[in-house]
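Numbering (our numbering), first residue to last: 262 to 401.
Put into structure tokens, the structure is as follows:
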């Protein structure tokens, strides 16, 4: 039962990150684009502008904190921090896959993929820690 809940927490945490971060990114790119665009080359050219990348790091951090909190909420005590670390590592592993896959690697500069790894782990751990601390406070 606990293993299933742990896996569900990881999936829900990853899904939360995807929905929030990709949703914000899509809206931001469309607002910066001269016209509506879904063509990948044009989309990533806009998304990889310096100002947009700064924005990306901000919303990525906020989304991972939220996703870490949600995943930890689903995992429950005593697995909040473990699910935060595991989910952060899984997402960072996906960034490594993106770096190693030529079709995905060109969607962002290499340094962006590398910088997102520790940022993502930090965000998931922070969100999970906030949930764990609020869980402890609630049991007092």
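Glycine included, each C-beta is placed from N, C-alpha and C at the ideal position.
TODO: Please classify residue 372: does DSSP put it in a helix, a strand, or coil?
DONE: Counting from one through the chain shown, the residue named residue 372 turns up at place 111. Correct three-state label for residue 372: helix.
Task: Burial state of residue 299 (16 or more Cβ within 10 Å) - done: Against the chain shown, residue 299 aligns to sequence position 38. Exposed.
Open item on the list: Assuming the contact rule is C-beta atoms closer than 8 Å, residue 389 and residue 319 should be a hit. Round their C-beta distance to whole Å, please.
Closed with: Against the chain shown, residue 389 aligns to sequence position 128. Against the chain shown, residue 319 aligns to sequence position 58. With a Cβ gap of about 20 Å, residue 389 and residue 319 do not count as contacting.
TODO: Return the first residue and the last residue of the alpha helix (DSSP H) that residue 300 is part of.
DONE: For the purposes of this step, residue 300 is taken as the residue at position 39 of the chain shown. Unbroken run through residue 300: none, as it is neither H nor E.
- [ ] Use the C-beta contact count for residue 354: other C-beta atoms within 10 angstroms, 16 or more gives buried, fewer gives exposed.
- [x] Numbered from 1 along the chain shown, position 93 holds the residue referred to as residue 354. Under a 10 Å Cβ-count criterion, residue 354 is classified as exposed, with fewer than 16 other Cβ atoms of the shown protein chains found around its own Cβ.
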